[in-house]
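Using the numbering used here, you'd call the opening residue of the sequence shown number 241 and step up by one each time. Read the structure below first, then the notes.
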Amino acid sequence: DREGLRVANKEEKEVYLPHTPDGYRAWERYVAAAVGRYKGKVAIWMIYNEPSGEYDKGAHESYAQLVKVAHQTIKAIDPAAGVSLGGSTSGMGSIKWFDRVLELLARDSDCPTGCFDLFDYHTYGFADEYGEIFASGPDEPPTAHRDFAAILEKNGFGAKPIIIKEGATYSGSDPDAKKNQRTVALQTERDQAAFLVKRAVYRLAAGVRQVHWSTLLEQRPGHQKNPDFSSLTGLVYNGVPRSGACRPQDES
């Protein structure tokens, strides 16, 4: 039922975000049904995914209310379950977006704890970006754990645990694709493995509670024919250049 919902996705125009009383009541019913079904089986509920990248810039209030309704509904049904804000992408634009959301939650008298238990951010990058992530290219300052921790502290949520539910680098290459203004050049599985370990060490040392890898198995059936950054991040797949050439010494 799309009544009371607003198109929020900037590209596909198929993601609807509640912004009216009827919309929020529909959202509450959905959350209650999901949590009731999986009570005791889900440890953390994340409220949407990467909303700063999915939604229009003016959707801060709608998202904050979405979090509030979800938190109250989840805790009423399964008090032991954790509630995480939707993962933040890297980049100062996303950090500023979540800063505004945190300001709104901090001012809401119905949310004495902020209506969330954990903060989540995502770290995708090249093999040499395990400590910091360049959002748009070398002309923009890299973002790091300290940037996310700073906005939590600023809004009174400095004690909230931070987790990383997504993040990866790739193996293989795609000379026709770019990420952050950089060509998706050949990275070996050794490079990918080193990134996995170094990223986890850096983030855990900074105070992150959990560090997850985004993809175990390659998820798109056409990735071998049309590889790109995201479709080559799975750990169970021997990524190779598009030409099919692969030096065994690089993949040992």
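Every residue, glycine too, gets a C-beta built ideally from N, C-alpha and C.
If contacts are defined as beta-carbon pairs under 8 Å, then residue i and residue j qualify, I think. What distance do you get, rounded to the angstrom?
{"i": "Ser324", "j": "Gly293", "result": "Incorrect: roughly 16 Å between the Cβ atoms, too far for contact."}
{"i": "Ile402", "j": "Val451", "result": "No, Ile402 and Val451 are not in contact; Cβ-Cβ is about 10 Å, not under 8 Å."}
{"i": "His428", "j": "Ser411", "result": "Sequence inspection shows Thr at residue 428; the His mentioned does not correspond to that position. Their Cβ separation, rounded to whole angstroms, is 6 Å, which keeps Thr428 and Ser411 in contact under 8 Å."}
{"i": "Thr409", "j": "Gly365", "result": "6 Å"}
{"i": "Arg443", "j": "His385", "result": "6 Å"}
{"i": "Ala367", "j": "Gly322", "result": "With a Cβ gap of about 32 Å, Ala367 and Gly322 do not count as contacting."}
{"i": "Ala310", "j": "Leu257", "result": "That pair is no contact at about 12 Å."}
Tell me residue i's beta-bridge partners as DSSP assigns them.
{"i": "Pro261", "result": "According to DSSP, Pro261 bridges with nothing at all."}
{"i": "Met286", "result": "Ser324"}
{"i": "Ala390", "result": "In the DSSP output, where bridge partners are listed per residue, Ala390 has none listed."}
{"i": "Lys419", "result": "Arg422"}
{"i": "Thr363", "result": "Gly407"}
{"i": "Leu472", "result": "DSSP lists no partner for Leu472."}
{"i": "Leu456", "result": "Beta-bridge pairing links Leu456 to no other residue."}
{"i": "Val451", "result": "Ile404"}
{"i": "Gly412", "result": "Gln427"}
{"i": "Thr383", "result": "Ile373"}
Rounded to a whole number of angstroms, what is the C-alpha to C-alpha distance between residue i and residue j?
{"i": "Ala399", "j": "Gly354", "result": "11 Å"}
{"i": "Thr473", "j": "Leu358", "result": "25 Å"}
{"i": "Lys308", "j": "Ser302", "result": "10 Å"}
{"i": "Lys279", "j": "Ala266", "result": "20 Å"}
{"i": "Ala316", "j": "Pro352", "result": "16 Å"}
{"i": "Glu372", "j": "Leu456", "result": "23 Å"}
{"i": "Gln312", "j": "Gly396", "result": "20 Å"}
{"i": "Ala425", "j": "His259", "result": "43 Å"}
{"i": "Lys281", "j": "Ala346", "result": "29 Å"}
{"i": "Val476", "j": "Asp348", "result": "45 Å"}
{"i": "Gly462", "j": "Asp414", "result": "Unreliable positioning characterises Gly462 in this predicted model, as indicated by a pLDDT of 49, which lies under 50. The coordinate reading is nonetheless provided below. Whole-angstrom Cα-Cα distance: 14 Å."}
{"i": "Tyr270", "j": "Asp318", "result": "15 Å"}
{"i": "Phe356", "j": "His362", "result": "17 Å"}
{"i": "Asp262", "j": "Lys336", "result": "29 Å"}
{"i": "Ala445", "j": "Ala272", "result": "37 Å"}
{"i": "Arg439", "j": "Phe469", "result": "17 Å"}
{"i": "Gly447", "j": "Val341", "result": "22 Å"}
{"i": "Gln305", "j": "Glu406", "result": "24 Å"}
{"i": "Lys418", "j": "Tyr264", "result": "39 Å"}
{"i": "Leu344", "j": "Lys394", "result": "13 Å"}
{"i": "Ile287", "j": "Trp453", "result": "19 Å"}
{"i": "Gln421", "j": "Asp360", "result": "25 Å"}
{"i": "Arg430", "j": "Glu369", "result": "15 Å"}
{"i": "Ala320", "j": "Trp285", "result": "11 Å"}
{"i": "Gly276", "j": "Glu268", "result": "12 Å"}
{"i": "Asp490", "j": "Val441", "result": "Here the model assigns Asp490 a pLDDT of 48, short of 50, so the residue's position is not dependable, and the following value carries that caveat. Cα to Cα, the separation comes out at about 24 Å."}
Starting from residue i and walking both ways along the beta strand (DSSP E), at which residues does that stretch end?
{"i": "Ile373", "result": "Ile373 -> no beta strand (DSSP E), and no H or E assigned at all."}
If I follow the unbroken alpha helix (DSSP H) through residue i, where does it start and stop?
{"i": "Thr313", "result": "His300 to Ile317"}
{"i": "Leu342", "result": "Met332 to Arg347"}
{"i": "Gln432", "result": "Glu429 to Ala446"}
Chain B beta carbons: is any one of them nearer than 8 Å to that of residue i?
{"i": "His452", "result": "This model lacks chain B altogether; it includes just one protein chain."}
Under 7 Å from any heavy atom of the ligand ZN, does the C-beta of residue i make it?
{"i": "Ser292", "result": "For the structure depicted, the ligand ZN is absent and the ligand set is empty, with no information on it obtainable."}
Requested in this report: Report yes or no: do three or more beta-carbon pairs, one from the stretch 429-436 and one from the stretch 386-399, lie closer than 8 Å?
Outcome: no
Query raised in the report: On the three-pair Cβ rule with 8 Å, is the stretch 313-330 touching the stretch 282-292?
Result: yes
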